DNA sequence: CGTGCTTTGCAACAACTGTTTCATTTATGG
DNA sequence: CCATAAATGAAACAGTTGTTGCAAAGCACG
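Protein chains in written order, with the numbering used here: chain A, 382 to 678; chain B, 382 to 678.
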């Protein structure tokens with residue numbers, strides 16, 4: 382790629398660049414495909430710097446202006462495109478890859494299929510129903526064990542970030558399900574488990590149901606022990622070409638629910654996030670150098 | 382490629398096109414790479430037709446104007462081919478859905494694009510390198526905070542499941558980074574953080590590096606504070622149509638690494654899992670009824 | 001605490017973008 | 001051969017492009 386040298390040079394001098402130029406440089410590094418395809422102003426807008434900064438960065442790199450730099454990226458894109466001219470080549474290429482890359486891209490292909498499943502009408506509406514429940518109820522308890530714990534944790538984190546009252550029921554310190562002690566009809570329980578189903582999760586669901594709480598179940602089958610207990614059941618695929626199962630679809634469902642809840646809360650969610658970030662900043666949780674102020678993309 | 386359908390259609394109606402339009406169409410067919418990279422006027426000049434002809438040809442193809450056609454070619458250049466392939470369909474479909482389902486399927490579409498990015502050659506090889514490191518080193522420490530914690534947790538869980546020596550460095554009980562106290566050259570640290578970067582994670586990486594440990598970084602940019610510290614750096618996309626970021630790609634990378642490590646360990650990994658499951662069964666961790674014996678998918 | 005230098009954002013710039021209108025030419029069918 | 005429609009090219013259009021001049025702010029150094 383002919384933009385590779387540019388990227389390298391950019392990386393080399395990156396630390397010596399003034400802050401705004403670093404922000405711009407970061408865009409070039411992170412979105413090489415877009416440089417030639419978007420107008421400079423458009424890119425400037427996306428990064429959050431004035432157009433002039435783009436031109437200046439290009440000039441600093443020794444080019445006449447941003448247009449010349451764009452030309453370079455265009456050339457590299459052309460080369461790249463020719464290289465990838467045919468899809469068939471790519472497939473052949475894959476077979477030729479060593480086992481590692483083959484396994485990995487098989488796994489990714491599988492997941493891509495799973496994503497399609499998630500966008501089926503039944504799943505979409507189940508997700509929407511789950512979001513409804515979260516919005517309606519006062520508190521949300523989240524539970525998930527073993528591989529499902531990561532999803533449960535993310536659910537608790539994201540939803541509390543956008544201002545929901547959430548409680549993560551993990552077993553830290555062996556307190557087990559004590560967190561659920563005062564769960565009631567005004568609360569909801571988001572439970573996630575896939576085969577082989579974890580006992581505590583199943584029991585937590587049963588318990589929460591007795592108490593009149595609304596259940597949101599994320600699981601792998603309609604006959605999963607928690608599926609029929611729930612007010613909203615979301616079935617996620619878990620198969621992979623490896624003998625390990627995947628929880629990625631489940632995690633994605635969590636993110637979808639969070640996005641929906643955020644959308645419904647609207648400004649309230651935005652200000653909750655802002656407050657959370659202020660809080661974190663005050664305690665110096667974030668790493669800062671003059672470089673990375675904003676979020677790219 | 383998303384310009385393929387255009388090319389096909391162009392070819393089909395070519396003979397019925399008026400002479401000047403044929404000339405223009407020939408350009409599109411012969412120089413698909415340039416369509417998105419050159420201005421329409423420039424292309425018109427090269428072909429020898431007035432600019433208007435270009436616009437008119439595009440309109441004849443059903444597009445609003447040449448700009449829209451350019452957009453299609455741009456998408457195909459980016460490699461997001463699939464993503465834009467059924468863009469119009471998707472847009473129509475989306476309009477028909479209520480707001481909830483629309484947002485959700487947008488999110489899923491975005492993720493689908495991210496998956497493609499993950500299967501790029503550079504990412505694949507970075508993942509393979511990461512797996513190498515895990516296999517080579519004696520112990521693997523995992524760290525990730527906030528939204529990245531779920532990925533770190535899953536990494537620690539999966540890899541210990543298949544028999545790797547793993548330590549999850551979370552801050553439970555405020556012990557902070559004590560877990561890293563005795564990290565050394567024979568160990569590896571898998572660290573994950575996305576903007577805004579969490580201070581402890583960045584510091585943990587710096588510390589581990591001083592101690593001579595190998596770093597595997599999963600982050601969102603080449604200029605992330607941990608990217609250049611690492612022996613293997615995997616860049617994951619995090620953007621979504623919502624204002625929340627996604628960690629799904631990162632989680633998927635984790636699963637890929639785990640799958641690769643499992644593959645390399647071979648039988649050893651399988652027996653490790655079997656042992657772990659026996660262990661769990663003995664302690665009654667799993668829920669059982671006559672219904673659910675095996676794993677559904 | 002200034003001094004000189006760099007960095008930054010704004011506003012104005014001319015050049016160029018893609019589109020459209022309209023008069024003219026060319027082809028087509030009765 | 002004319003009448004009608006289609007195709008064409010020139011010119012004008014508003015909008016956007018990338019660039020630059022300038023003033024204000026920020027910074028390091030003495």
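Ideal placement from N, C-alpha and C gives every residue a C-beta, glycine not left out.
No experiment lies behind these values; they were computed from the predicted model shown.
Bounds of the alpha helix (DSSP H) holding residue 441/A are 432-441. Within the model, the alpha-carbon separation for residue 533/A versus residue 585/A is close to 13 angstroms. In the three-state scheme derived from DSSP, where H, G and I count as helix and E and B as strand, residue 546/B is classed as strand. Residue environment: residue 420/A is assigned as exposed (fewer than 16 neighbouring CB atoms within 10 Å of its CB, all protein chains considered). With a threshold of 7 angstroms between beta carbons, residue 523/B makes no contact with chain A. Within the stretch 490-544 of chain A, the complete beta strand (DSSP E) runs of at least 3 residues fall at 520-525. Proximity of residue 407/A to chain B, defined by a Cβ-Cβ separation below 7 angstroms, is satisfied. With 16 or more other Cβ atoms inside 10 Å of its own Cβ, residue 527/B counts as buried. Relative to the Cα of residue 640/B, the nearest Cα in the group 509/B, 498/B, 552/B and 405/B belongs to 509/B. From the listed residues 540/A, 404/A, 541/A and 572/A, the smallest Cα separation to residue 551/A is found for 572/A.
Collapsing the DSSP output to three states places residue 616/A in a strand. A Cβ-Cβ contact shorter than 7 angstroms links residue 418/A with residue 455/B. A distance below 6 angstroms between beta-carbons, with the five flanking residues on each side excluded, links residue 541/A to the following residues of its chain, in chain order: 547. If you draw a straight line from the Cα of residue 394/A to the Cα of residue 504/A, it is about 48 angstroms long.
Counting along the chain, residue 411/A sits inside no beta strand (DSSP E); it lies in the alpha helix (DSSP H) bounded by residues 400-411.
In this structure, residue 622/B lies near residue 491/B, with their beta-carbon atoms less than 7 angstroms apart.
Annotated three-state conformation of residue 625/A is coil, per DSSP. Spatial neighbours of residue 563/B in its own chain (CB-CB distance under 7 angstroms, excluding positions within 5 residues in sequence) are not present.
According to the DSSP assignment, residue 595/A belongs to the beta strand (DSSP E) that extends over 595-600. Assigned with DSSP and collapsed to three states, residue 558/B falls in helix. Against chain B, the CB of residue 659/A has no partner CB under 7 angstroms away; the residue lies outside that interface. Close CB contacts of residue 391/B within its chain, under the 7 angstroms cut and outside five residues either way in sequence, are with 406, 409 and 410 (chain order). For residue 574/B, the uninterrupted beta strand (DSSP E) segment begins and ends at 568-574.
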